Amino acid sequence: MNFDGILFFPLTPFDAGGGVDEGVLAEHVASGVAHGAGGVFAACGTGEVHALSAAEHAAVVRTSVRVTDGRVPVVAGAGGSVGTAIEQARAAKEEGADAILLLQPYLVGAPQRGLVEYVRTVVAAVEIPTIVYQRGTMVFTPDSAAELARIPSVVGLKDGVGDLGLVHQIVIAVRGVRGGDFTFFNGLPTAELTVPAYSAVGVPLYSSAAFAFVPEVANAYFKAVHEGSPLAETLVREFFEPLVRLRDRVPGYAVSLVKAGARLRGVAAGGVRAPFTDPTAEEEAHLSRLIETGLALVGEG
């Protein structure tokens with residue numbers, strides 16, 4: 378499975394009654410693909426997978442697969458308890474997803490052997506390519522990551538921790554087992570701040586939360602950083618770093634601000650579901666100014 382470009386994590390829009398708005402979702406996914414997304418990661422963290430029912434999760438995946446229509450890979454979120462992860466993985470396969478992103482078993486601490494067994498149990502139950510999301514309660518040692526790499530259906534690892542020393546060791550360990558037949562990507566919120574650092578340890582792919590509401594800015598950064606243009610550092614300084622400071626004010630704003638940004642750009646995404654909270658009017662005004670700044674910097678203002 379090849380990814381070429383920014384990895385797009387679409388939002389899950391909610392309508393006035395609180396349900397999933399599949400029409401708005403279809404437009405949102407189509408827009409991301411049209412802007413050159415290298416992959417669509419549906420019903421994942423930015424898509425509030427933690428807050429979706431089984432039927433809603435399946436609907437989000439189904440809509441994303443239909444709209445994407447094979448142009449880029451579609452990866453669906455799965456995680457939580459072993460049973461829930463298996464159910465979501467099975468639904469993802471039935472709805473035509475190319476792979477799953479396996480999230481951690483929330484609020485459950487476990488030894489390395491147990492974490493590996495969690496992954497092994499899910500992939501044994503559902504035959505679908507699996508990218509493991511390293512974050513929170515599921516962080517692997519290099520030896521455990523190498524053990525995961527020996528499972529044929531485990532095809533990648535997304536890092537959401539940011540320990541570059543550990544990531545480098547994991548890359549070395551996994552490459553020793555699988556060679557180049559394994560995908561790594563930087564999954565930190567607002568990954569643009571760390572793209573050069575991750576690239577230096579062998580992880581050039583990254584997901585971009587900003588792509589969900591300012592794809593013009595995200596694409597300009599992607600081009601600039603790969604060309605060595607000074608615009609990349611300007612965008613970090615004037616847009617991405619202030620966005621991170623706003624994001625860090627409140628837990629959950631890594632999703633809430635993205636959804637607010639989409640609304641400001643005309644996407645009828647609705648609000649977030651509890652326990653997340655929407656930004657205040659003052660924070661949305663701040664975000665609006667940041668969006669204007671970012672667009673102006675890339676000539677879209």
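Heads up, the sequence shown is in the working numbering, so the first residue is 378 and it goes up one at a time. Quick reminder that beta carbons are idealized off the backbone N, C-alpha and C, glycines included. On a predicted model such as this, the values are computed, not experimentally measured, just so you know.
Of the residues the options, the one placed nearest residue i, counting alpha carbons only
i: Ala436; options: Pro573, His405, Thr389 and Ile463; result: Thr389
i: Pro652; options: Pro607, Thr518 and Val632; result: Val632
i: Gly413; options: Ser665, Leu384 and Val503; result: Leu384
i: Leu543; options: Gly394, Gly579 and Thr560; result: Gly579
i: Leu480; options: Glu472, Ala474, His603 and Val499; result: Val499
i: Leu462; options: Ala502, Arg614 and Ala487; result: Sequence check: residue 462 is Ala here, not Leu. Measuring from the Cα of Ala462, the nearest candidate turns out to be Ala502.
i: Arg740; options: Leu402, Glu399 and Met378; result: The requested residue 740 does not occur in the structure, where the chain is confined to residues 378 to 678.
i: Gly396; options: Glu433, Arg642 and Arg614; result: Glu433
i: Ile505; options: Gly491, Glu524, Asp558 and Asp475; result: Asp475
i: Ala526; options: Pro607, Asp558, Ala466 and Gly605; result: Asp558
i: Leu541; options: Gly556, Asp520 and Pro573; result: Pro573
Residue j beta carbon less than 8 Å from that of residue i
i: Ala586; j: Phe418; result: no
i: Gly409; j: Pro581; result: no
i: Thr507; j: Val485; result: no
i: Ala639; j: Ala589; result: yes
i: Gln489; j: Thr514; result: no
i: Cys421; j: Gly457; result: no
i: Arg650; j: Ala428; result: yes
i: Val698; j: Thr445; result: The question about residue 698 has no answer here: the residues shown for the chain are numbered 378 through 678.
i: Val438; j: Glu404; result: no
i: Leu612; j: Leu664; result: no
i: Val554; j: Tyr495; result: no
i: Ile528; j: Arg497; result: yes
i: Ala597; j: Val551; result: no
i: Thr560; j: Gly533; result: yes
i: Val401; j: Val644; result: yes
i: Glu524; j: Val548; result: no
i: Thr670; j: Glu615; result: yes
i: Leu641; j: Glu661; result: yes
Residues near residue i in its chain [Cβ-Cβ closer than 6 Å; skip 5 each side]
i: Gly647; result: Pro390 and Phe391
i: Ala407; result: Val444
i: Tyr575; result: Asn563
i: Thr440; result: Glu399, Leu402 and Ala403
i: His545; result: Val578
i: Val621; result: Thr567
i: Val426; result: Ala420 and Gly454
i: Phe601; result: At residue 601 the sequence reads Ala, which differs from the Phe that was named. Cβ within range, chain order: Leu608 and Ala609.
Proximal residues to residue i (C-beta, below 7 Å), its chain only, five neighbours per side dropped
i: Pro619; result: Leu667
i: Ala673; result: none
i: Glu464; result: Ala431
i: Gly537; result: Tyr510, Gln511, Arg512, Gly564 and Leu565
i: Asp381; result: Gly415
i: Glu610; result: none
i: Val442; result: Val451, Glu472, Gly473 and Ala474
Residues near residue i in its chain [Cβ-Cβ closer than 8 Å; skip 5 each side]
i: Thr654; result: Val627, Gly629 and Ser633
i: Ser584; result: Ile383, Leu384, Phe385, Phe386, Phe418, Lys535, Phe562, Asn563, Gly564 and Ala568
i: Phe617; result: Thr567, Glu569, Leu570, Ala587 and Tyr598
Residue i CB to nearest heavy atom of the ligand PLP below 7 Å
i: Pro652; result: The ligand content of the structure shown is nil, which means the ligand PLP is not present either.
**Request:** Just list the alpha helix (DSSP H) runs in the stretch 579 to 657, keeping only unbroken ones of 4 residues or longer that don't cross its boundaries, in chain order.
**Result:** 592 to 604, 608 to 612, 618 to 624 and 630 to 641
**Asked** Which full runs of the alpha helix (DSSP H) of 4+ residues lie inside the stretch 454 to 517, going along the chain?
**Response** 459 to 471 and 489 to 502
**Item:** Whole alpha helix (DSSP H) elements within the stretch 384 to 463, 4-residue minimum
**Value:** 399 to 411 and 431 to 445
**Prompt:** Counting only runs that start and end within the stretch 512 to 573, where is the beta strand (DSSP E) found for 3 or more residues in a row?
**Reply:** 531 to 536 and 560 to 563
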